[in-house]
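Structure, as structure tokens:
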Amino acid sequence: MNNTADNLFGLVFTNRFTRDLPADTQIDNVRRHVTGACFSRVMPTRATTPQLVVYSTEVAEMLGIDDEQAETPAFAHLVTGNLITPDMDPYAMCYGGHQFGNWAGQLGDGRAIALGEVLTTDNGHQTLQLKGSGPTPYSRRGDGYAVMRSSVREFLCSEAMFHLGVPTTRALSLTLTGDQVMRDMFYDGNPADELGAVVCRVSPSFVRFGNFELFASRDELDQLAQLVSWTIRTDFPDLVEGDDDQPLDVVTDWFAEIVRTTAEMIVEWMRIGFVHGVMNTDNMSILGLTIDYGPYGWLEGFDPDWTPNTTDAEARRYRYGNQPSMAHWNLVQLANAIAPLYGHNVEPLQEALDSYADEFGNGWNAMMAERLGFIGFAGDDDNALFGELGRVLQIVETDMTIFHRNLAQVDVENAEDLSDYDLVQPVADAWYAQPTARVVEEMSEWLRAWADRCGVDGRSTEERKLAMDAVNPKYVLRNWMAQLAIDKVDQGDFSAVNQLLDVLRYPYDEQPEHEVEFFTKRPEWARERAGCSMLSCSS
Ligand code: AMP
Ligand code: MG
Numbered sequence: 041m042n043n044t045a046d047n048l049f050g051l052v053f054t055n056r057f058t059r060d061l062p063a064d065t066q067i068d069n070v071r072r073h074v075t076g077a078c079f080s081r082v083m084p085t086r087a088t089t090p091q092l093v094v095y096s097t098e099v100a101e102m103l104g105i106d107d108e109q110a111e112t113p114a115f116a117h118l119v120t121g122n123l124i125t126p127d128m129d130p131y132a133m134c135y136g137g138h139q140f141g142n143w144a145g146q147l148g149d150g151r152a153i154a155l156g157e158v159l160t161t162d163n164g165h166q167t168l169q170l171k172g173s174g175p176t177p178y179s180r181r182g183d184g185y186a187v188m189r190s191s192v193r194e195f196l197c198s199e200a201m202f203h204l205g206v207p208t209t210r211a212l213s214l215t216l217t218g219d220q221v222m223r224d225m226f227y228d229g230n231p232a233d234e235l236g237a238v239v240c241r242v243s244p245s246f247v248r249f250g251n252f253e254l255f256a257s258r259d260e261l262d263q264l265a266q267l268v269s270w271t272i273r274t275d276f277p278d279l280v281e282g283d284d285d286q287p288l289d290v291v292t293d294w295f296a297e298i299v300r301t302t303a304e305m306i307v308e309w310m311r312i313g314f315v316h317g318v319m320n321t322d323n324m325s326i327l328g329l330t331i332d333y334g335p336y337g338w339l340e341g342f343d344p345d346w347t348p349n350t351t352d353a354e355a356r357r358y359r360y361g362n363q364p365s366m367a368h369w370n371l372v373q374l375a376n377a378i379a380p381l382y383g384h385n386v387e388p389l390q391e392a393l394d395s396y397a398d399e400f401g402n403g404w405n406a407m408m409a410e411r412l413g414f415i416g417f418a419g420d421d422d423n424a425l426f427g428e429l430g431r432v433l434q435i436v437e438t439d440m441t442i443f444h445r446n447l448a449q450v451d452v453e454n455a456e457d458l459s460d461y462d463l464v465q466p467v468a469d470a471w472y473a474q475p476t477a478r479v480v481e482e483m484s485e486w487l488r489a490w491a492d493r494c495g496v497d498g499r500s501t502e503e504r505k506l507a508m509d510a511v512n513p514k515y516v517l518r519n520w521m522a523q524l525a526i527d528k529v530d531q532g533d534f535s536a537v538n539q540l541l542d543v544l545r546y547p548y549d550e551q552p553e554h555e556v557e558f559f560t561k562r563p564e565w566a567r568e569r570a571g572c573s574m575l576s577c578s579s
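Start counting the sequence shown at 41; every next residue gets the next number (the numbering used here).
What follows is the structure, encoded as structure tokens:
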């Protein structure tokens, strides 16, 4: 291991964000409004006794850190912020955001501190950011820390999402700090000490829609233009025409690209049944990556109205079925933020914004067709089939993941001749309640229509199953699975988190040895248990 003072594990820091963009001139770590700046320099708070719980070998490898290195005490110190080398440039980002539909003003990294940007082994750039490493100028009324339960959830989910093929920020590690953090988990006036933890998040950029919105809201148009131009040059090099500020048509292409990648991300969430829970504009990545895993959840019973977030239980703004339109709403806010750059002619921007409907619609159609095993989307008839499926899945509580995975086993060739009862057998496991005769009948009817449609494509059963299994995951991070792993960590046992990570690394593989434990509906005990179905933002 070659560790000099400033190349720990051979990491090469490039720090373009802090090198190129305007910094807060104040350097003390007190909570404040920060104007005219993209970030404030700030040091992580020392963790008393860092203890590594789990790390991602793939992310470590991308950064050039091998398994032996990741298991050293130095690594645990690095990823909790205890080991600051001269080539790092720790900072918290300044951004604002619309929260639950209302402009919230300045937010910023209240409990996240980036160590800096590093070169990856394939010459890419990734920023290492520690979530839960102490207060920053943006902490407002918070303490700057994170508890173990939310950190386990963030670590596991970002890696699970990556392996599912969903655009996401990554997680390098989850570490206990050895410090206690007080939280009122149920907001009922009974705060308790919990284990403090830090997740080292990794992303090419942590810039959010809210970074642009804050400048626009304050009329800081020079900084706005600077951040737009820098973001295009740094993260969208394919769009760039030279080193200077980008002309407006490039800005429009850039915005159109954000519309496209955001739509793509939402299509992917819908495919796997992911509900983000807090789609505020400060949680929308400029790269179309899933970011900020808080009170997220996975659909178990298919229900478009479901949200895991107790804070949103009334309005259900961020419910599963509302995610596509909320993403559009957020894009409108981003468009409003950059509109001042266009002067009076915002038409190109409007046009780019309007492309969302097609980007999402086409993506949705293609995704649904793939999930149902079709070679391609065939128009209105397919749409009717998708719509009818959405209805049939709600007559009785039906597990979305199990239904889609097992659909590939339905006997398409003999659908006409089989009894209703025999035909539905492969998907019967997905029902949470004993199906009535009507459920069996309506499901059979849909299955026969689907089988007919499969016949048009003429794919063989094996070919269709292979294609379907590649897009209908067998293993997703159900909330109660994460909760069981959290309970174990609480008892000092890290094996369950590590095992879950291993299973979720291959979500599309059969893994028969894990079927009984992890390819299964939500157990009854988990229906009402905190952390298993509904979650609060208190983390
Ligand atoms: P979130 O909804 O988790 O994305 O957080 C919204 C805002 O609250 C962000 O500015 C966070 O940095 C901030 N925040 C959340 N939790 C804390 C905390 N414990 N201490 C300080 N700031 C926090
Ligand atoms: Mg956030």
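For every residue, glycine included, the Cβ atom is placed at its ideal position computed from N, Cα and C.
To the nearest angstrom, how far is it from the Cα of residue i to the Cα of residue j?
i	j	result
residue 375	residue 178	25 Å
residue 502	residue 295	42 Å
residue 80	residue 133	7 Å
residue 515	residue 387	44 Å
residue 74	residue 64	7 Å
residue 102	residue 210	11 Å
residue 87	residue 120	7 Å
residue 552	residue 152	39 Å
residue 469	residue 477	16 Å
residue 577	residue 349	7 Å
residue 425	residue 419	10 Å
residue 366	residue 396	12 Å
residue 380	residue 256	8 Å
residue 456	residue 488	7 Å
residue 327	residue 164	15 Å
residue 85	residue 173	6 Å
residue 458	residue 337	37 Å
residue 160	residue 104	7 Å
residue 106	residue 50	11 Å
residue 249	residue 278	20 Å
residue 548	residue 431	26 Å
residue 528	residue 114	25 Å
residue 258	residue 139	18 Å
residue 272	residue 288	12 Å
residue 573	residue 532	24 Å
Do you know whose CA, among the options, lies nearest residue i's CA?
i	options	result
residue 449	168, 290, 506 and 541	506
residue 136	320, 560 and 549	320
residue 314	518, 290 and 547	518
residue 150	316, 156 and 185	185
residue 147	130, 423 and 251	251
residue 562	529, 472 and 496	472
residue 122	225, 218, 392 and 428	218
residue 558	525, 113 and 71	525
residue 567	300, 341 and 324	341
residue 100	491, 482 and 118	118
residue 400	201, 271, 236 and 306	306
residue 344	356, 351 and 333	356
residue 162	244, 273, 482 and 368	244
residue 227	351, 481 and 196	351
Between residue i and the ligand ZN, is the CB less than 6 Å from at least one heavy atom?
i	result
residue 147	With respect to small molecules bound, the structure shown includes the ligand AMP and the ligand MG and not the ligand ZN.
Are the beta-carbon atoms belonging to residue i and residue j less than 7 Å from one another?
i	j	result
residue 26	residue 193	The requested residue 26 does not occur in the structure, where the chain is confined to residues 41 to 579.
residue 48	residue 125	yes
residue 199	residue 55	no
residue 363	residue 404	no
residue 358	residue 339	no
residue 311	residue 407	yes
residue 94	residue 538	yes
residue 109	residue 216	no
residue 167	residue 246	yes
residue 207	residue 329	yes
residue 171	residue 239	yes
Which residues does DSSP list as the beta-bridge partners of residue i?
i	result
residue 234	221
residue 215	92 and 238
residue 341	439
residue 75	Answer is none; residue 75 lacks a bridge partner.
residue 575	349
residue 560	Its beta-bridge partners do not exist; DSSP assigns none.
residue 295	Residue 295 is not bridged to any residue.
residue 80	132
Does residue i get closer than 7 Å to chain C when you measure Cβ to Cβ?
i	result
residue 486	No chain C is present in this structure, which holds just one protein chain.
*In chain order, which continuous runs of the beta strand (DSSP E) of length 3 or greater are located wholly inside the region 97-185?*
131-133, 136-139, 142-146, 152-159 and 165-171
*Mind listing, in chain order, the continuous alpha helix (DSSP H) runs of no fewer than 4 residues lying wholly within the region 238-287?*
249-257 and 261-275
_Every unbroken alpha helix (DSSP H) within the region 434-497, with a cutoff of 4 residues, ordered by chain_ = 440-447, 460-468 and 477-497
*What residue ranges within the region 299-335 form continuous alpha helix (DSSP H) runs of no fewer than 4 residues, ordered along the chain?*
none
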